[in-house]
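Colleague: There's a structure below that I have some questions on.
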Amino acid sequence: MVVGRKTQLVACRKGQALGLGGGIAQRGTFAKARQNDVIALAMSPGYRHVPKPVCQITTELRGRGINVGEIVLNAGDGTPADSPSSGGHGVAFGLQANEMEIIGLHKLALLNHGNVKAHFIYKVRFELRKVAVPAIVLCQCPVTFEDFEEIGVSTRNKEGETPGKVMDIVTGIVRNADVPQAKLNEIVSKVKMCLREIG
């Protein structure tokens, strides 16, 4: 696949696409980039969780010369068992051992979540408890570092109980909708800044 001036190899799709959001890959898919710089996590696809923005974001990052892989979680619906509120029709959010291993191989994770803050802050906590990786949270509704710190998540401003750390936040990413260029630019800028900090 040629993106911009450099060729990037991306191995994608575990199985036949679902046809949602332009034929999105199924749960369990891992699109590996040539270098393990950034990994974008998508929730399991379905009628509510159409990871269309994730594909747009990864395409933009690749076009800007950033090596980014993508993983569609097997159990990306619902909320973690330790979350005070349930969601996702009673299913439990989780990570499989191979998913944790894949995420941990990367320098930076993009955690793409939805619009219910009471759900996704606990998903982020669960992910960053399991994998010691710096992360940028991408979501629809407004959220602050303090929202994560209050539930024990480590951030760039304060150490918490999680080995992984929220380095930055980008809000206004709407599920199953095109990502405005201004938001894509913000994501690219924050990814580049975090990669420089991480070294």
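Oh and the sequence shown: position 197 is 1107 in this note's numbering, straight run, nothing missing. Virtual Cβ for every residue (Gly too), placed ideally from N, Cα, C. In this text, all values refer to a predicted model and were calculated from it rather than measured experimentally.
For residue 978, which beta-bridge partners are listed by DSSP?
Modeller: Residue 978 is bridged to 948.
Colleague: What residue does the beta strand (DSSP E) around residue 1078 start on, and which one ends it?
Modeller: Element bounds for residue 1078: 1075–1080.
Colleague: How is residue 1100 classed by DSSP in three states: helix, strand or coil?
Modeller: Looking at residue 1100 - three-state DSSP - the assignment turns out to be helix.
Colleague: So, is residue 1048 buried or exposed, given that buried needs 16 or more other C-beta atoms within 10 angstroms?
Modeller: Per the 10 Å Cβ criterion, buried.
Colleague: Expressed to the nearest angstrom, what Euclidean distance is found between the alpha-carbon atoms of residue 1009 and residue 951?
Modeller: Near 10 angstroms, if we compare the C-alpha coordinates of residue 951 and residue 1009.
Colleague: Run through the region 1027–1070 for me and flag every whole beta strand (DSSP E) of 3 or more residues, listed as ranges in chain order.
Modeller: Complete beta strand (DSSP E) runs here, min 3: 1044–1048.
Colleague: Considering only the alpha carbon of each residue, which of 982, 971 and 1076 lies closest to residue 939?
Modeller: Nearest of 982, 971 and 1076 to residue 939, Cα basis: 982.
Colleague: Is it the case that the Cβ atoms of residue 1045 and residue 1075 are separated by a distance below 8 angstroms?
Modeller: For residue 1045 and residue 1075, yes; Cβs fall inside 8 angstroms.
Colleague: Have a look at residue 945 and residue 979 and give me their C-alpha separation to the nearest angstrom.
Modeller: Each residue's Cα considered, the two are about 9 angstroms apart.
Colleague: Measuring CB to CB, does residue 1084 end up less than 8 angstroms from residue 1097?
Modeller: Not in contact: residue 1084 and residue 1097 (Cβ atoms no closer than 8 angstroms).
Colleague: According to DSSP, is residue 1107 part of a helix, a strand, or is it coil?
Modeller: Reduced to three states, the DSSP call for residue 1107 is helix.
Colleague: Shortest alpha-carbon distance to residue 942 belongs to which of 973, 1029 and 977?
Modeller: For residue 942, the nearest C-alpha among the options comes from 977.
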